[in-house]
Structures are given as C-alpha cells and as structure tokens.
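Those sequence lines, one after another, are chains W and R.
So the number in this note's numbering is just where the residue sits in the first sequence, counting from 1, plus 8.
So the number in this note's numbering is just where the residue sits in the second sequence, counting from 1, plus 22.
Beta carbons are placed, not taken as given, at the ideal position from N, Cα and C, and that holds for glycine.
Please read the structure below before turning to the comments.
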Amino acid sequence: MKFRAVMIDAGPMREFTNIVSTISKLSKECVARIADDQLYFIVSDENSGPAPPILWCEIPHAMFFSEYQMVGLDDDHKDIYLEFTSTNLARSLITLKNAKSLKMKLTKKQCPCLTLEIEVPSSTSQQTRQVTHDIPVKVIPRKLWSDFQEPKIPKPDISIQLPTLKQLRTTIDRMRTMAAEVMLWASAEGRLTLQIKTDTSKVSTRFKDLRVEAFEGPIEHSDSETETQANEDKSNICYCRVDAKKFSMFLSADQISHNRTVCSIVHKRLVVLCLQTEENVKLQCFITGIVY
Amino acid sequence: MDDEMSEYYFTASMDSGKTLCSLLKAIQFQEFAVFCALAEGLKLTVEEGKCVQASAYVPADNFTEYHVRSDVDVMFKINISVLAECLNIFGSGEESSLKMYYRCEGSPLILVLQPQSVHNVMTDCEISTQTADSVLELRDEDTSEVAKLVLKAPAFLGLLADLERSCDIMELKLSPEHPNISIITYGMQDRSCIDMPKSSEMVQSFNCTHAVTLKYQLHHIRLIMKALAVSTKVVVRCSSNGLLLLQLKLEKEDQRQMFSEFYIVPLLDD
Chain W
9 MKFRAVMIDA
19 GPMREFTNIV
29 STISKLSKEC
39 VARIADDQLY
49 FIVSDENSGP
59 APPILWCEIP
69 HAMFFSEYQM
79 VGLDDDHKDI
89 YLEFTSTNLA
99 RSLITLKNAK
109 SLKMKLTKKQ
119 CPCLTLEIEV
129 PSSTSQQTRQ
139 VTHDIPVKVI
149 PRKLWSDFQE
159 PKIPKPDISI
169 QLPTLKQLRT
179 TIDRMRTMAA
189 EVMLWASAEG
199 RLTLQIKTDT
209 SKVSTRFKDL
219 RVEAFEGPIE
229 HSDSETETQA
239 NEDKSNICYC
249 RVDAKKFSMF
259 LSADQISHNR
269 TVCSIVHKRL
279 VVLCLQTEEN
289 VKLQCFITGI
299 VY
Chain R
23 MDDEMSEYYF
33 TASMDSGKTL
43 CSLLKAIQFQ
53 EFAVFCALAE
63 GLKLTVEEGK
73 CVQASAYVPA
83 DNFTEYHVRS
93 DVDVMFKINI
103 SVLAECLNIF
113 GSGEESSLKM
123 YYRCEGSPLI
133 LVLQPQSVHN
143 VMTDCEISTQ
153 TADSVLELRD
163 EDTSEVAKLV
173 LKAPAFLGLL
183 ADLERSCDIM
193 ELKLSPEHPN
203 ISIITYGMQD
213 RSCIDMPKSS
223 EMVQSFNCTH
233 AVTLKYQLHH
243 IRLIMKALAV
253 STKVVVRCSS
263 NGLLLLQLKL
273 EKEDQRQMFS
283 EFYIVPLLDD
C-alpha cells in the first residue's frame, strides 16, 4: 500500500481545509477512502454501529493535487481505507493557511500515520519552514470495506434547490431552540417549507421560487397530516420529518464555497442534502426520516 | 379586507421586529408573560414570585399600523421565549418586517415575518395564548417618592456586575449627605460597600429628601442587567414604602421610544 499526494495551489488548499473542517464538525471519526481517481471522506452514524454512511464526500484528485500516486491493497482491491479522528486532520490543516505546498503520504511510524508535510513561507527571510504532522490512522481491513459503500437510496420524489445555507441555518437554529424535529415540505411548484410544532407554537418558514430539478409525482397521501395552502394540489407536495440538529449540522457546510445545493426528498423516509463545488467536489448528507 | 381586519381584536405591523426582540429579551427572566394591547401601546409583563414585576412597553407610534378593538380587553398569557425566538427567526443580522394578528379570545397570536433583504421567504408563527393571571398592582398612589436618581446605564451595569455573586442581600442607602449613594452587600465572611457621591460621573441627577436604608434580594436586582445592557440611562425611583422602580429607555436609532420598567419589592427588617 502506498499513497503520496501533493498540493501546491492556494485555492484548492483552502477548499480542502474547509471541507475537512466541516466534516470534523459533523463527526469525530471519519474514514478516508483513497481510490485512483477520487478521494472520499465517509462518515457513519456514530450511535448505530455498522450502518450506511450519513455523509459521503467525493473529491476528484485531478482538480486538487498536482501529484497523486497510490497503490492499493492488491490487484483486485485497488483502494485504501483509513480511519482517523477528523479533528486531528482539521487541526493540522490550520497550518495550511498561506502555505506554499502540502505533501500528504501514508507512512509507517510507531503506528500507521497519514503524514502531512507543509511548507510555510517565512515572513522574514526567503527560506521556508517545513511543518510535519503525523496523524495516526487505522487501516481498515478488507472485510469491513462493505460498511463504507455509497448508500443505495430510492429514487427521490423531488429534488429542489436549497436557499442560501447561511439563511437556512439561522432559521433552523432558531427552530431548534423550540423543537427537536423539523418537518420539511417541498412542492413541485418550487416551494420549500420548514415547520416545527410544539404544544405552544407552530412556526413555518416558507421559501418560494426555488428551482425544481426533478419531480417524480404524483405523491400519494394516505393520511390527513398534509395541510396545504388553498388551491395547492396535494399530490405535488412531499414531506419528511427529520432531526433538526442533524439538518443544522449539514448546513455548517456553508463555509465551503459551493455553486449548487440540492435537497432531495424520498416522501416521509429520507432527506438527501447535496452540495457541489466548482471543482466537482460533491458532499452528500443522508438524514433518515422520523416516522411515528 | 379592512372590514375583515377590524373584526380582529388586535392587529399591528412594524418595519423591523429587531428592537422589539431585544426589548423582550431584556425582561425575559420568566417563560410566560402577560401580553396586553392597550390603545396607547403594547405592554408585556413578567413577574417573579410576587416580588419583581418587569414590563416592556412599546408605544403605538412605533408601529406603522396599530389597531385594538376598543370594546374588548386584549390581554392574554404567552410564552415570551417562543415569541422572542420567532421574532429572531431570520437571525439578528436581518431586519424583518413584522405583522401581528390576534383574532379573539382563545385564538393564537399570529406573527408574519418577512426579511427586508430577501424576498422569496416568509415565516408565519402561531403562538398559543392562555387566559392571563392577574397582574400585581404595585404602584400605590398614597405613598410619596423619597428619592429619584438618574444613572448612566453602562456604568451602573458595570457596578452590578462587580458585586459579589454569592451574596443574597443588597443594601441601598440613599442620603442627602455625603456619600449620597451606598451599595452594601453582605457575604458569608465579608461586607463590601460601594460609595457613590452625587458628583460621580455615573450620577446624572440626584434627588433625595431624607436618608433611607433599604434591603433587596441581590438576585432581584440582577434581573435588570439585561435591560441595562441595551439602554443608555436608567431612572431609579424609591417610594416611602421601599418599593424600587427602575425605568429604562431602550437605545434606538430612530426617534420613537420603547421602554422597560422594573418594580422591585424590598425585604422587610427582621
């Protein structure tokens, strides 16, 4: 197994730092899957043992690394899976601010390590300093790889563009102080509603004029839970109830400069939030619906 | 539309709910408040035990539209923290216009908020209302005022923040003689005293006819700190029965004014 990658441009280095820092806020542990075309970051739900990932991030190496070499486990299993504490990587990358280059490699020290060699310019002389971080990692044996495959999800009933993440996060964070669960409604007419209900209040924030990327309607509503605005067709609306905290956590991804964020809903069952950047980084969050 | 609206007990709208929100936060030391819409303005009152009563008062001219039916009493109990969170739903950095509706007794208070900078979003909140408990009438027309002082709010806030937190009781001595104002706290093993002559920069005006010594629960006094933080000056009135009244004007950009008021009941000598 071998891995060695070099980054020399400021833009990608900043993006990479932002991505890792976002992930570190979402989860303590993280798995990096190193494949020959992409680098993946995968987070599983910490509380529920082996479960499908809740976060899936793909980073195409060509856009980020000027050099990228890897040799996988063997000829049939060409990937490398490493587990590490996400804050360790996030903290090490703080040095990356105004660095000249980053070299990342898999090394064997007292334990397997992901070694970062960061070249930092000196403010007083022409010479540079080199900062080395050794991040202990656990190599995941092949028999466990299947736990970290991309989740297979049913075809979403609707995919709708999200409002700016910052705005969404402020609203969700206010709602979170009042209720633990938030209901998401999306309609084929481009409306997205966030709603909480408690004994003392009902708060709904409605966004309109959002682009609908796909709609697989009509939606069948077997219960009376759906409430609609007058003259709105029920079959054009789907909803899902999710944990407000999980939803809010994904929204901290607003520090990654993105050009597209989409929310896909499988009626009542699942919400998939997807963020894409100009460099084709794709970050997806899977939040399962709460059904009573 | 107008006809339909006039059937409502109470409707009001304002361009920005932000200052209202900071006013509510200043008196938000209890979960529930009594919401009272009078012809002159809106008043929210919270009480702690039967010892402290705090009110936020928003004169009607702060609203772009304000309507209360004259033939009914618009008064109900409402969760003030939910109300404050709803007013702040788009974040403190955002100015959002606010509309309030209250149809009739027992119906929820409805708020509609729309941020000024973004147009494709709005929030509506339904906050349930309950029958109001009676509010204490602490003002007593028969008692006279023995002292009135005007203090700079930030400096007074700093002073209160310096007082030892573990103390239960604060003694306030006011006197026409030097030092005019003394604040004394009693702890387990110590007694600390802050003297403030009327020449102090913190004191803007000082009126006191004869010396008084009053004791208050320090915890009660501390309840005004949030309100002090958003005000420039505070008027302290002390009546002959020891009731302390603090009146604060909210710091605002425009000319219209919003107020908060705290009545604090003294401790009796044992």
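With DSSP collapsed to three states, give me the class of residue i.
i	result
W:Arg277	coil
R:Glu148	strand
W:Ala238	Because the pLDDT at W:Ala238 is just 48, under 50, the model does not fix this residue reliably, and the value given afterwards should be weighed accordingly. W:Ala238: coil per DSSP, three-state reduction.
W:Val28	helix
W:His141	strand
R:Cys108	helix
W:Thr115	strand
W:Gly80	coil
R:Asn142	coil
R:Cys63	Residue 63 of chain R is actually Gly in this sequence, not Cys. In the structure shown, R:Gly63 sits in a strand (DSSP, three-state: E or B).
W:Phe73	coil
W:Arg150	helix
R:Cys43	helix
W:Met183	helix
W:Asn96	helix
R:Ser103	helix
W:Asp251	strand
W:Ser209	strand
R:Ala82	helix
W:Ile204	strand
R:Ser129	coil
W:Gln292	strand
R:Leu268	strand
R:Phe4	Residue numbering for chain R in the displayed model covers 23 to 292; residue 4 of chain R lies beyond these limits and cannot be assessed.
W:Ala107	coil
R:Ser77	strand
W:Ser256	helix
W:Ile298	coil
R:Ala154	coil
W:Ser243	helix
Taking the C-alpha atoms as reference points, what is the distance between residue i and residue j?
i	j	result
R:Lys99	W:Asp241	37 angstroms
W:Glu37	W:Ser260	17 angstroms
W:Glu221	W:Pro164	11 angstroms
W:Pro60	W:Phe156	7 angstroms
R:Pro288	R:Ser166	16 angstroms
R:Glu127	R:Ile206	47 angstroms
W:Leu124	W:Leu101	9 angstroms
R:Ala55	W:Thr95	43 angstroms
R:Gln152	R:Thr67	14 angstroms
R:Leu120	W:Ile204	19 angstroms
W:Ala2	R:Tyr123	The structure shown does not extend to residue 2 of chain W, since chain W is modelled only from 9 to 300, so the question has no answer here.
W:Lys116	W:His85	21 angstroms
W:Thr178	W:Leu202	12 angstroms
W:Cys248	R:Leu181	51 angstroms
R:Ser92	R:Ala59	10 angstroms
W:Ser243	R:Tyr79	47 angstroms
W:Ala238	R:Glu29	Since pLDDT at W:Ala238 reaches only 48, below the 50 mark, its modelled position is unreliable, and the value read off the structure follows with that caveat. Answer to the nearest angstrom: the Cα atoms are 22 angstroms apart.
W:Asp83	W:Thr103	36 angstroms
R:Phe57	R:Tyr31	13 angstroms
Quick one: which chain R residues come within Cβ less than 9 angstroms of residue i?
i	result
W:Asp217	His141, Asn142
W:Thr269	None at all; the shortest Cβ gap to chain R is about 15 angstroms.
W:Gln175	Phe112, Gly113, Glu116, Pro137, Val140, Val143
I want to verify the contact list: residues of chain R whose CB lies under 8 angstroms from the CB of residue i, in sequence order.
i	result
W:Met186	Val104, Glu107
Listing by chain order, which chain W residues have their CB less than 8 angstroms from the CB of residue i?
i	result
R:Cys147	Ser209, Lys210, Val211, Ser212
R:Ser150	Asp207, Thr208, Ser209
R:Asn101	Thr208, Ser209
Residues of chain R with CB under 7 angstroms from residue i, in chain order?
i	result
W:Ile182	What sits at residue 182 of chain W in the sequence shown is Arg, not Ile. Those within 7 angstroms of W:Arg182 in chain R are Glu107, Asn110, Ile111.
W:Pro171	Val143
W:Thr179	Ile111, Phe112
Is it a yes or a no for the region 146 to 166 of chain W touching the region 79 to 90 of chain W, going by three-plus beta-carbon pairs under 8 angstroms? The answer is yes - the region 79 to 90 of chain W touches the region 146 to 166 of chain W, with three or more Cβ pairs under 8 angstroms.
Using 8 angstroms as the Cβ pair cut-off and three pairs as the minimum, do the region 41 to 57 of chain R and the region 292 to 300 of chain W touch? no
Let me know the beta strand (DSSP E) ranges lying completely inside the region 191 to 252 of chain R, each 3 residues or longer, listed in chain order. Here the runs fully enclosed are 191 to 196, 203 to 208, 213 to 218, 225 to 230, 234 to 239.
Going residue by residue through the region 153 to 180 of chain W, where are the continuous beta strand (DSSP E) segments of at least 3 residues, counting only ones entirely within it? 166 to 169
The region 154 to 162 of chain R contacting the region 215 to 229 of chain W, beta-carbon criterion three pairs below 8 angstroms: no
For the 8 angstroms Cβ check, are there 3 or more pairs between the region 193 to 209 of chain R and the region 136 to 152 of chain R? no
Between the region 10 to 17 of chain W and the region 67 to 80 of chain W, are three or more C-beta pairs nearer than 8 angstroms? yes
Would the region 269 to 286 of chain W and the region 239 to 252 of chain R be scored as touching if the rule is three or more Cβ pairs under 8 angstroms? no
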